[in-house]
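Okay, structure coming up:
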């Protein structure tokens, strides 16, 4: 094993993953700098979610390495990876998964309470994020009484409340309307920059990717470099794709 660069909070080398025999990732390598917002672009089915799952320790690659702060995640046991996700990482799914018995602020505060924070401090932090996301008036509502967009905002607040070192966001604004999407993304990226949170953001939307510091693109489980070619005869704006392993 070769240790990653010191300035990379996340580093992956030659990741290979197959689902039911079909390649999901084929030799993907990347580094993510501390405090960077990295967008992982590509169409649906290109391997974006699988890559985020490998980087966050949810999924072990069949081949390859994943490092977090120079610690090899790919050699950790299941309990160690679970602690890592609980204590250092945040995760936002494209579809909100909330605890139906808890109200909105309790759902948002759950990561802090699982870490042992007092109920009052956890509630204060949760309410602050719900207000920032414009759903402070939903704090006492349970998930069944919320609109889909409101549930997604609670899930985003839950990911931000514990101030994770790395936030993984898998199509985090998929359930939102375009106007809501822009506001939530600005809140998320502003919060990440002000709190020094590294963000790995999976998206197939160009406007969402534009908010990131840098974008990598996946296609059929491989990283893609897009090269813009000069005009040929009367055709303009042609582009070619090369796959990099």
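Numbering (our numbering), first residue to last: 49 to 293. Note that the Cβ used here is the ideal one computed from N, Cα and C, for glycine as well. These numbers come from a predicted model, not from an experiment.
Taking the straight line between their C-alpha atoms, what separation do you get for residue 137 and residue 242?
17 Å
Using 8 Å for Cβ pairs, my map puts residue 264 next to residue 86. What's the rounded Cβ distance?
7 Å
CB contact check: residue 269 to chain C, cutoff 8 Å:
No chain C appears in the structure shown, which is made up of a single protein chain.
On the premise that residue 251 lies in contact with residue 89, defined as a C-beta separation below 8 Å, what is that separation, rounded to the nearest angstrom?
6 Å
Just grab the DSSP bridge partners of residue 64 for me.
74 and 111
Beta-carbon contacts of residue 149 that lie in its chain and below 8 Å, excluding the five residues immediately before and after
190
Opening and closing residue of the alpha helix (DSSP H) in which residue 229 lies
226-243
Which residues bound the alpha helix (DSSP H) around residue 262?
From DSSP, residue 262 is part of no alpha helix (DSSP H) but of the beta strand (DSSP E) over 262-267.
For residue 262, I'd like the list of residues in its chain whose CB is within less than 6 Å of its CB, leaving aside the five on either flank, ordered along the chain.
In its chain, beyond the 5 residues on either side, 86 have a beta carbon closer than 6 Å to the beta carbon of residue 262.
Delimiting residues of the beta strand (DSSP E) encompassing residue 218
214-218
By DSSP, does residue 194 sit in helix, in strand, or in coil?
Residue 194: coil per DSSP, three-state reduction.
Closest to residue 236 by CA distance: which of 223, 256 and 225 is it?
The shortest Cα separation from residue 236 among 223, 256 and 225 belongs to 256.
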